[in-house]
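Be aware that the sequence shown starts at 2, since it is given in our numbering, and climbs by one per residue.
Presented below is the structure to which this report refers.
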Amino acid sequence: MKKLLILVAALFAIGTVSAQKFARINMQEIVVAMPEFEVAQKNLEAFGKDLQEQMEQIQVEFNNKLADFQKNQATMAASVKQMKQQELEQLQQRFSEFQQIAQQDFQKKEAELLEPVQKKAQEAINKIAKANGYIAVFNTGVPSLAYFDEAQLTDIAALVKKELGIVESPVAPAAK
2 MKKLLILVAA LFAIGTVSAQ KFARINMQEI VVAMPEFEVA QKNLEAFGKD LQEQMEQIQV
62 EFNNKLADFQ KNQATMAASV KQMKQQELEQ LQQRFSEFQQ IAQQDFQKKE AELLEPVQKK
122 AQEAINKIAK ANGYIAVFNT GVPSLAYFDE AQLTDIAALV KKELGIVESP VAPAAK
């Protein structure tokens, strides 16, 4: 009798697992298709351009001072020459520090701009998954499982895009 109960419990567990629904989606594909992503990208590009312009200004200043130093070093007093060399070294150090800070600022800005877009996409995925009874949705854009059979998972990208109001533009026929 005990073996029969174990067998019935095992069959019930197998039946329960097979009735559960799993889905898949490429989150990156959804985020990139969102209009908010395009706006964030444009803002990030503008921010990056500003940083680049500031780095170029520092580089121009360094190049001008270096050219002046090289041109006039033969006629400079030793103390002036030493001061100019220190000034060039400080400017070079300032440029290097600015590059590091600019890179960090760019990464922070990127996270700041993309976080709301990713959050909105995640909320749409959650809503679609709950509404359709999926217990798990796998992100195929960055697979974290060693193996899963994509063919056995329902692709919910179209539902999520519809939820987000993303309209796919038709693909133009190939020219012959």
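Glycine residues also receive a C-beta, built at the ideal position from the N, C-alpha and C atoms.
Given residue i as reference, the closest of the options once Cα atoms are compared
i      : options                           : result
LYS128 : ALA158, PHE107 and GLN74          : ALA158
ALA112 : ALA34, ILE31, ASN44 and ASN27     : ASN44
GLU98  : GLU116, GLN55 and GLU164          : GLN55
GLU37  : GLN119, LYS72, MET77 and GLN104   : GLN119
ALA130 : LYS82, GLU164 and GLN91           : GLU164
VAL161 : PHE149, ASP150 and LYS121         : LYS121
VAL32  : PRO144, ASN140, GLN101 and ASP150 : ASN140
VAL40  : ALA75, ALA147 and LEU114          : LEU114
Cut-off 7 Å between Cβ atoms - residues of its own chain near residue i, not counting five sequence neighbours on either side
i      : result
VAL168 : none
LYS177 : For LYS177, the pLDDT reaches just 49, beneath the cut-off of 50, and the residue's location in the model is therefore unreliable, although a value from the coordinates is still provided. Hits under 7 Å: none found.
heavy atom of the ligand FAD below 6 Å from residue i C-beta
i     : result
ALA78 : By its list of ligands, the structure shown contains no ligand whatsoever, and the ligand FAD lies outside what it can speak to.
Rounded Cβ spacing between residue i and residue j (contact assumed at less than 8 Å)
i      : j      : result
ILE126 : ILE26  : 6 Å
PHE96  : GLY49  : Wrong, their Cβ atoms sit about 17 Å apart, outside the cutoff.
LYS22  : GLY134 : 5 Å
VAL138 : ALA34  : That pair is no contact at about 17 Å.
Neighbourhood of residue i by C-beta distance below 8 Å, restricted to the same chain and skipping five residues each side
i     : result
LEU89 : PHE63, LYS66, LEU67 and PHE70
ALA47 : none
Those residues which DSSP pairs with residue i across a bridge
i      : result
THR155 : ALA24
TYR148 : Note: TYR148 sits in no beta bridge, so no partner.
VAL138 : ALA24
Close Cβ partners of residue i (< 6 Å) along its chain, the five nearest in sequence each way excluded
i      : result
GLY142 : ASN27, MET28 and GLN29
ASP156 : ARG25
First through last residue of the alpha helix (DSSP H) which encompasses residue i
i      : result
MET35  : That residue, MET35, is in no alpha helix (DSSP H); it is neither H nor E in DSSP.
ASN127 : 79-132
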